[in-house]
Amino acid sequence: MTGAATHLHSTIATYQQAFREHGRSEAALLWTKNKQAERFAALCKAIPDTSTTVLDYGCGLGDLAVWLSTHRPRAVYLGADAVPEFIANNREALPGLTFTHVEHPDFLQESYDHVVCSGVFNLNPTKTPEAHWQYVQDVLLALFRRTRKSLHVDFLAHDVDYKHPQGYHQDLSTLLSFVERQLSRRYELDRSYMPYEYCVSIFKNVEIERSRNVYASPP
Ligand SMILES: C[S@@+](CC[C@H](N)C(=O)[O-])C[C@H]1O[C@@H](n2cnc3c(N)ncnc32)[C@H](O)[C@@H]1O
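Per our numbering, the very first residue in the sequence shown carries number 1; after that it's consecutive.
What follows is the structure, given as structure tokens:
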């Protein structure tokens, strides 16, 4: 098994253990304090309520699907996750929605208008922060290839006074430098919705109206 596969399988094993202990709950996702509504509203701010396709990469227990059904009812949803037990349970609990088991975005065949990636990089069970950051970049590059319009990703903030030993807290300036150099200069950082997490929405459409030097259309 490669280092990347071992790393991911430790992450998967951690979620499997939490799911065995807690069942279908936020504790199985290692989330706390019922903050999904605030998190999803920030992540999806730039996703319109039109019949666009949304890939929820690292969907966990499909909470975003439930949120979208109220807040973006016209969105067409696909949930993808590396934990087979989450996928099987979602298919039972949320019939009518589509879920697929996948361990890397390159295994997905399609493209999607919007990709949301919530909490996927929170755990770093085996690597140095530098090595985990390499992994994060690899997955973000692959996800950006999968979207036609935008990628929305969140992280635990770097400047907090408590860090879980297996938690990964993303340095903001390192992230933004990567986004600008390797993904797109058209992005929006949001640190306004929670003190200890932030998200970035990264847009594909960078066409410029040259006569005024503004973007030619909304993202
Ligand atoms: C903190 S949970 C968040 C779940 C969901 N996005 C949410 O916000 O409720 C992180 C999820 O990312 C998934 N994940 C982590 N690495 C992954 C990868 N490489 N491919 C697919 N899913 C992954 C985990 O299995 C887990 O379900």
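Backbone N, C-alpha and C define an ideal beta-carbon position, used for all residues, glycine too.
This one's a predicted model, so the numbers in the text were calculated from it and none came from an experiment.
query: Is any heavy atom of ligand 1 found at a distance shorter than 6 Å from the C-beta of E103?
result: yes
task: Kindly examine ligand 1 and report whether one of its heavy atoms sits closer than 6 Å to the Cβ of G221.
output: Because residue 221 is not part of the residues shown, which for the chain are 1 to 219, the question remains open.
- prompt: In this structure, does DSSP put G167 in helix, strand or coil?
  reply: strand
task: Would you check if there are 3 or more beta carbon pairs closer than 8 Å linking the stretch 70–79 to the stretch 161–181?
output: In this structure the stretch 70–79 does not touch the stretch 161–181; the number of beta carbon pairs closer than 8 Å is below three.
- request: Say whether the stretch 39–57 touches the stretch 183–202, bearing in mind that this needs 3 or more beta-carbon pairs closer than 8 Å, one atom from each stretch.
  value: yes
- prompt: Skipping 5 residues on each side, what residues in its chain have a beta carbon closer than 6 Å to that of F144?
  reply: Result list for F144: L151, L183, in chain order.
- prompt: Does the Cβ of N122 lie closer than 6 Å to at least one heavy atom of ligand 1?
  reply: yes
- prompt: So L64 is in the alpha helix (DSSP H); what residue range does that whole segment cover?
  reply: 63–71
message: So, with DSSP's three-state summary, where would you put S201?
response: strand
field: Candidates Y193, T52, Q36: closest to V147 by CA position
entry: At residue 147 the sequence reads Thr, which differs from the Val that was named. It is T52.
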